[in-house]
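*Asks:* Questions regarding the structure given below will be posed in turn.
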Amino acid sequence: MHLRILDKYIFREVCKAFLFGICAFSAVFIGSGTLFKIAKYITDYGASLSAVIKVFIFGLPNVIMWTFPMSMLLATLLTFGRLSSSSEITAMKSCGIGFFRIATPAIILGFFVSIAAILFNEHVVPWANTAYRNVVYYEIQGNTGAKSQDHIVLKDIKDGQIQRLLYARRYDADSQSLQNVTLQEFNDAGKVSHVENAEYAEYEGKEWIMHNGMLYDISDGESEHTLRFNTQVLPISASPRQIVREQKNPEELTMKELKAQIRIMKTQYVDTNKLETELYQRITVPMASLIFALIGVPLGLQPTRNSSSAGFAMSVIIIFFYYALMTMANAIGRSGALSPMLAVWIPNIVGLIAGLFLIRKASR
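Reading the sequence shown from the start, the letters are residues 98 to 461 in my numbering.
In structure tokens:
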């Protein structure tokens, strides 16, 4: 019973510090980034009040997502630093309560924060990023035409099953054309039954015309009939503006959509290192909350952690090194020098090793 009360006490104190951390770090990010961008939109484009409010609201989820790991580190450092400096940890140990029993509530919270961050990053952040981009591009900058863009993907889905998939290496806004076009049609079993390839497709009035291509009928994974053509109507009804508006940046895609995009681009022999790096970071960055809990608890119990300012300073230093390492790992993964999966896990692996070493040291 006493241990249960102790767990609730530590859990509550870490939660309070965690919420404080989210507010504090979010304020820093908003003050140094979001407000600066809003000021630029107002001065350069004369953004309206409603557009500014939308940009601020839609920009919050992405900011908050990055503060989860930072706040977890700050919360453990502040909470256990305060408990240590006020001799509460000494009192717990004198009652026979070991280090691991004291640390358990904070580590469990770190685990649940990581899971919550992954779900938040999957279901809220991509949607908010898309809304943010649309407000900036269409409402503030006043763009009405379709912009040139690489890697066009268009899916025709009916009753939850994909019917048709279009991929183009690039859309050129000046000529209103799609370059290196591939159209795949799927049967009821979800397998490719028909493929159309073309050098390019031009938008003529109300339809797309493909030029210099080949048609393939496919059965059991093998091509049965082929036909070369000079021109052929591309069976999609979307206008250039509709096609481009449906495209999303990597940060606007869910993990499921990223996996599908990577799969499509690999069939066209396109480099997917950038997308794969983005995909794996959707897991590694939220999981940093658990890693930081493992680091923050033993550091907070150090006798030198006798003030909140010291805990805050220590968290800033650790966060700086972690995100510097993460930036380098990201660049390595995108360049292909190392497997994207391995590259993006490097900061967490280093953090895990450091955390286990500190825990082992503190438990003695």
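All C-beta atoms in this analysis are idealised placements derived from N, C-alpha and C, irrespective of residue type, glycine included.
#1: How far does the beta strand (DSSP E) with K77 in it reach, from first residue to last?
#2: Would you say L146 and G397 are within 9 Å of each other, going by their C-beta atoms?
#3: Run through DSSP, which three-state label would D104 get?
#4: How about E296 and G287: are their beta carbons less than 9 Å apart?
#5: According to DSSP, is S336 part of a helix, a strand, or is it coil?
#6: Can you give the beta carbon distance from Q358 to V250, rounded, assuming they're within the 8 Å contact cut?
#7: Is it the case that the Cβ atoms of L331 and E293 are separated by a distance below 9 Å?
#8: Please confirm if the stretch 371-382 is in contact with the stretch 191-206, defined as three or more CB-CB distances below 8 Å between the two stretches.
#9: To which residues of the same chain is A298 closer than 6 Å at the C-beta, ignoring the five residues directly before and after it?
#10: Around the Cβ of Q339, are there at least 16 other Cβ atoms within 10 angstroms (buried) or fewer (exposed)?
#11: Taking Cβ to Cβ, would you say Y229 is nearer than 9 Å to F133?
#12: Which value, in whole angstroms, describes the spacing of the CA atoms of D314 and N226?
#13: Tell me the rounded alpha-carbon separation between G302 and S272.
#14: May I have the straight-line CA-CA distance separating N218 from A335, to the nearest angstrom?
#15: With DSSP collapsed to three states, give me the class of R266.
#16: Give every residue of the same chain whose Cβ lies closer than 6 Å to the Cβ of M348, excluding the five residues on either side of it in the sequence, and list them in chain order.
*Replies:* On the basis of the coordinates in this document:
#1: No information on residue 77 is available, as it lies outside the stretch 98 to 461 that the chain covers here.
#2: Numbered from 1 along the sequence shown, position 49 holds the residue referred to as residue 146. Numbered from 1 along the sequence shown, position 300 holds the residue referred to as residue 397. Between L146 and G397, the gap from beta carbon to beta carbon reaches 9 Å or more.
#3: The residue given as residue 104 occupies position 7 in the sequence shown. D104 falls in the helix class under three-state DSSP.
#4: Residue 296 sits at position 199 when you count from the first residue of the sequence shown. Residue 287 sits at position 190 when you count from the first residue of the sequence shown. No. Outside cutoff.
#5: Indexing the sequence shown from 1 puts residue 336 at position 239. Reduced to three states, the DSSP call for S336 is coil.
#6: Numbered from 1 along the sequence shown, position 261 holds the residue referred to as residue 358. Numbered from 1 along the sequence shown, position 153 holds the residue referred to as residue 250. Confirmed, about 6 Å.
#7: Position 234 of the sequence shown, counted from the start, is the residue given in the question as residue 331. Position 196 of the sequence shown, counted from the start, is the residue given in the question as residue 293. At a Cβ-Cβ threshold of 9 Å, L331 and E293 count as neighbours.
#8: Fewer than three Cβ pairs drawn from the stretch 371-382 and the stretch 191-206 lie within less than 8 Å of each other, which leaves the two stretches out of contact.
#9: Against the sequence shown, residue 298 aligns to sequence position 201. So the list reads L275, V278, W305, M307, L331, once near-sequence residues are dropped.
#10: Sequence index remark: in the sequence shown, residue 339 carries index 242 (1-based). Using a 10 angstroms sphere on the CB of Q339, the tally of other CB atoms stays under 16, which defines it as exposed.
#11: Here the question's residue 229 lines up with position 132 in the sequence shown. Here the question's residue 133 lines up with position 36 in the sequence shown. No, the Cβ-Cβ distance between Y229 and F133 is not below 9 Å.
#12: As a first step, residue 314 must be located in the sequence shown, where it is residue number 217. As a first step, residue 226 must be located in the sequence shown, where it is residue number 129. Per the coordinates, the alpha-carbon of D314 lies some 39 Å from the alpha-carbon of N226.
#13: In the sequence shown, residue 302 corresponds to position 205, counting from 1. In the sequence shown, residue 272 corresponds to position 175, counting from 1. About 13 Å.
#14: Here residue 218 refers to the residue found at position 121 of the sequence shown. Here residue 335 refers to the residue found at position 238 of the sequence shown. One C-alpha to the other measures close to 30 Å.
#15: Looking up residue 266 in the sequence shown gives position 169. R266 sits in a strand when the DSSP states are folded into three classes.
#16: Translated into the one-based positions of the sequence shown, residue 348 becomes position 251. The residue asked about is misnamed: residue 348 is Glu in this sequence, not Met. Scanning its chain for C-beta atoms nearer than 6 Å, with the 5 sequence neighbours on each side dropped, one finds around E348 the residues N226, in chain order.
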